[in-house]
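Below is one structure; the comments refer to it alone.
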Amino acid sequence: MTNPAAIPGSFLEDAEAEAGQHLTTLEGWRAFVTAEPDTPTLRPAHEYAELSPAEQEAADEERLDHHARLLVVATSTVRHTVTSGRRLVLLNRHAVSARRGLIVSGPAGTGKTIAVTQLGRSHELLDRARHPHRAERIPVVYITVPPAATARMVAAEFGRFLGLPVRRGLNITDIIEAVVGVCTDARTGLVIVDELHNISLTTRHGAEVADTLKYFSERIPATFVYAGIDIERSNLLTGTRGAQIASRFTLIPTHPFPYGAEWKGLVAALERTLLLHDHKPGTLAVLDRYLHDRTGGMIGTLSHQIRGAAIDAILSGTEKITKRSLGAVPLDYSAESQATATTTARPR
């Protein structure tokens, strides 16, 4: 039986953080790697009651902020991705060419971005531990592929992460050379490219983007990790260009969690993060089947539902989560549709 544990200090902001703190900028990425928000102390009810209204409001605001953060849980997918990525980084360490890569692929909401960013965080922390006085190093580059991307747009995303001035007059060759130069000098060892499904090899621009990523992978001595929705079902692994990707990249599939030991562990791990005055521990464990039916086994939706119910409990003053309050949290369309279908199909 696997009981996933929360990774201390591993938080992702729901809103991708404030201005200048996006993961797709070097400053934002570094802030994510080092972020270890303090967990507020849940005062006993009698102590809380003795606080002034202003003090109660401040305490509530701390708890609201705590529940607004996405606590990363060490699921089997996260552990497998981190282990596989670490292995590839070591295998590629002395490779001159034909370095191997990793693709994390699955339906939306199955934790792909969390898995690859945790891999990136792990890699960067190890690099910092080995080189504590080398601030000029950039161990990890993280970008996302824009919708309808062109090769220049993707090259510009690399430049933007690195803080390079990507002026309108610069051609793609200038940008690529600058990016390769900085990554080589800064000893970049891991490049993460998210939202890969925005590339289509059936279009000229999509093919050019694939060629540009391949060129980057040949010029930058790093392990490349891709993440996207249902990549194995797309055209990214077919044809001549797709065959080159398929022959060099290991695929890690993500999927909704089945109802079982790991799902129960996920629910329990998330319940332990709650800071509510009147919530009875174990309440969510009893509702784990209901939570699975309602979320379709999607870890992202589960987190949203529990954290949303916790926020409602503080704002309403009920200070506890119930089946009714969980049901009052609106979920994404896919989850709501799945929940309706499950309820309809279940024998009465």
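If you're matching positions, the sequence shown starts at 99 in our numbering and goes up one per residue. The C-beta atom is built at its ideal place from N, Cα and C for all residues, glycine as well.
The three-state secondary structure of ASP292, taken from DSSP, is strand. For ILE201, the enclosing beta strand (DSSP E) covers residues 199 to 204.
The continuous stretches of alpha helix (DSSP H) do not include TYR240, which lies in the beta strand (DSSP E) extending over residues 238 to 242. Taking 4 residues as the minimum length, the alpha helix (DSSP H) runs contained wholly in the segment 250 to 286 are 270 to 283, in order along the chain. The straight-line gap separating the alpha-carbon atoms of LEU188 and VAL131 is approximately 21 Å.
Distance between ALA359 and PHE259, taken at the CA atoms: about 39 Å. Look at THR348 here: in three-state DSSP terms it is strand.
Per DSSP, reduced to three states, the secondary structure at GLY326 is strand.
One thing to note: TRP361 has its Cβ no nearer than 8 Å to the Cβ of ASP391. Distances from the CA of LYS378 to each of HIS402, THR399, ALA411 and THR393 were compared; the closest alpha carbon is that of ALA411.
Taking a cut-off of 8 Å for Cβ pairs, the segment 415 to 429 and the segment 168 to 175 do not touch, as fewer than three such pairs fall below it. THR123 has no beta-bridge partner at all, per DSSP. A contact between stretches requires three or more CB pairs, one per stretch, nearer than 8 Å, and the segment 242 to 251 fails this requirement with the segment 217 to 232. In the three-state scheme derived from DSSP, where H, G and I count as helix and E and B as strand, THR393 is classed as helix. By the Cβ criterion, the segment 291 to 299 is not in contact with the segment 273 to 280, since fewer than three pairs of Cβ atoms, one from each stretch, lie closer than 8 Å. The segment 211 to 241 is shown to contain no whole alpha helix (DSSP H) run of 4 or more residues. The continuous alpha helix (DSSP H) containing PHE314 extends over residues 302 to 317. Secondary structure at THR321: strand, using DSSP grouped into helix, strand and coil. For SER423, the closest C-alpha among the options THR338, GLY406 and ALA433 is that of GLY406.
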